[in-house]
Amino acid sequence: MGKTDINNDGSKGGKSKNKQGIQRYAPKIEPKYKKESPSSKYVPILLATLSGFMLVLQSISNKNTILAILATIIALTLFLANIKLSSGGIYIKAVELVNSLDVVSWAYNNGLAILMLPEEHLVLYDTMRNELYFLVKGSVQEFMTAKGQKKIFKLSVIARSSLPHNINSKEFKIEIIEGVVEAPSINNEKAVMRYTGTIIKAELKTRCLIKLSDCVKKINNFLRNTHYVKPY
C-alpha cells in the first residue's frame with residue numbers, strides 16, 4: 001500500500017495541495033465590506049452573448065457556413081467564460097492585487113476595489129476596466145448619500161490637466177493627471193468618497209493581467225522615478 005504523508009498537525013499531506021489552491025484566492029486581509037449587486041454579475045454575460053449573436057447573424061447573412069460555426073463557438077466560449085467571471089472572477093482579480101501590495105485595509109464595491117496603503121495612500125482598482133488609480137497628493141472628503149439620491153457605486157474621474165512622466169509599455173499605460181475622483185468609501189458602502197488632487201492612472205494590458213503581482217512591481221519601479229509618491 002502507498003504511504004500517506006502526515007503533516008505536523010496530524011492532517012494528511014494529500015489534502016495540502018487543495019488547501020493551497022483555496023488560499024491562493026483568499027485575501028491576506030479581509031475587506032471591510034464586500035458589496036456586489038446581482039445586476040453587475042450579468043452585464044458581462046449579456047455583452048458577450050450579444051456580441052457573439054451579432055457574429056453569428058453576420059456570418060449567416062454572408063452565407064458562410066464555416067464562419068457561422070466558428071462564430072457560434074466563439075459566442076459560446078465568451079458566454080461560458082463570463083459566467084465563470086460573474087461567479088467570482090472579478091473579486092478574484094481584486095484579491096490578487098490585495099495580495100500583491102502592502103495593504104492596511106480595503107473594501108470591495110461592485111467590481112471596484114478600494115485599498116488603503118501605508119501612509120494613507122489610496123488605490124482604486126476598477127476590475128471591469130482593468131485600471132488602477134493611485135490617489136497620491138490631494139484631499140479626501142466623505143459624505144453620505146441623501147435619501148432618494150442614487151447611490152454612487154461606480155468610479156467617476158474628471159481629468160483637469162495632464163502632467164509629465166507618462167509611459168506606455170507592452171504591459172501598462174500610465175498617465176499622471178490632476179483631477180477629481182468620486183468612488184465608494186472604503187469605510188462605508190453607503191458613503192461616497194470625493195478626492196481632489198494628483199492621480200496616477202495605470203491602464204493594465206493583457207500581459208500585465210497574466211501576472212499581476214509582477215506587473216505591480218514594475219509599476220512600483222516607475223513610481224520610484226517620480227516625485228509624486230513614495231514606492232509601495
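Residues in the sequence shown are numbered consecutively from 1, following UniProt numbering.
C-beta: ideal position from N, C-alpha, C; glycine also.
Cβ-based burial, residue i [other Cβ within 10 Å; buried from 16]
i, result
"residue 28", "exposed"
"residue 25", "exposed"
"residue 109", "buried"
"residue 185", "buried"
"residue 14", "Confidence at residue 14 is low in this model, with a pLDDT of 47, below 50, so its placement is unreliable and no value can be given for it."
"residue 84", "With a pLDDT of 49 at residue 84, under the threshold of 50, the modelled position of this residue cannot be trusted, and the question is left open."
"residue 21", "For residue 21, the predicted model reports a pLDDT of 44, less than 50, meaning its position is unreliable; a value from the coordinates is still stated below. Its Cβ having fewer than 16 others within 10 Å, residue 21 is exposed."
Opposing strand residues paired with residue i [DSSP bridges]
i, result
"residue 95", "Answer by DSSP bridge pairing: none, since residue 95 is not bridged."
"residue 107", "114"
"residue 156", "182"
"residue 168", "173"
"residue 28", "According to DSSP, residue 28 bridges with nothing at all."
"residue 162", "177"
Residue i, enclosing alpha helix (DSSP H) - first and last residue
i, result
"residue 219", "212–224"
C-alpha gap between residue i and residue j, whole angstroms
i, j, result
"residue 106", "residue 128", "18 Å"
"residue 203", "residue 139", "23 Å"
"residue 197", "residue 135", "7 Å"
"residue 216", "residue 111", "19 Å"
"residue 96", "residue 210", "11 Å"
"residue 170", "residue 208", "8 Å"
"residue 222", "residue 201", "12 Å"
"residue 132", "residue 194", "17 Å"
"residue 219", "residue 190", "31 Å"
"residue 115", "residue 187", "11 Å"
"residue 206", "residue 142", "34 Å"
"residue 174", "residue 144", "32 Å"
"residue 33", "residue 98", "14 Å"
"residue 35", "residue 113", "10 Å"
"residue 117", "residue 125", "13 Å"
"residue 159", "residue 166", "14 Å"
"residue 199", "residue 102", "19 Å"
"residue 168", "residue 212", "17 Å"
"residue 119", "residue 224", "16 Å"
"residue 178", "residue 155", "16 Å"
"residue 157", "residue 94", "20 Å"
"residue 86", "residue 130", "Below a pLDDT of 50, predicted positions are generally treated as unreliable, and residue 86, at 47, falls in that range; the measurement from the model is reported next regardless. Spanning the two alpha carbons is a distance of roughly 15 Å."
Min CB distance residue i to chain C below 7 Å
i, result
"residue 127", "Considering every chain present, this structure includes no chain C. It has just one protein chain."
For residue i, the first and last residue of its enclosing beta strand (DSSP E)
i, result
"residue 133", "131–144"
"residue 203", "191–204"
"residue 122", "121–126"
Residue i Cβ short of 6 Å to the ligand ZN heavy atom set
i, result
"residue 167", "Among the ligands in the structure shown, none appear at all, so the ligand ZN cannot be discussed."
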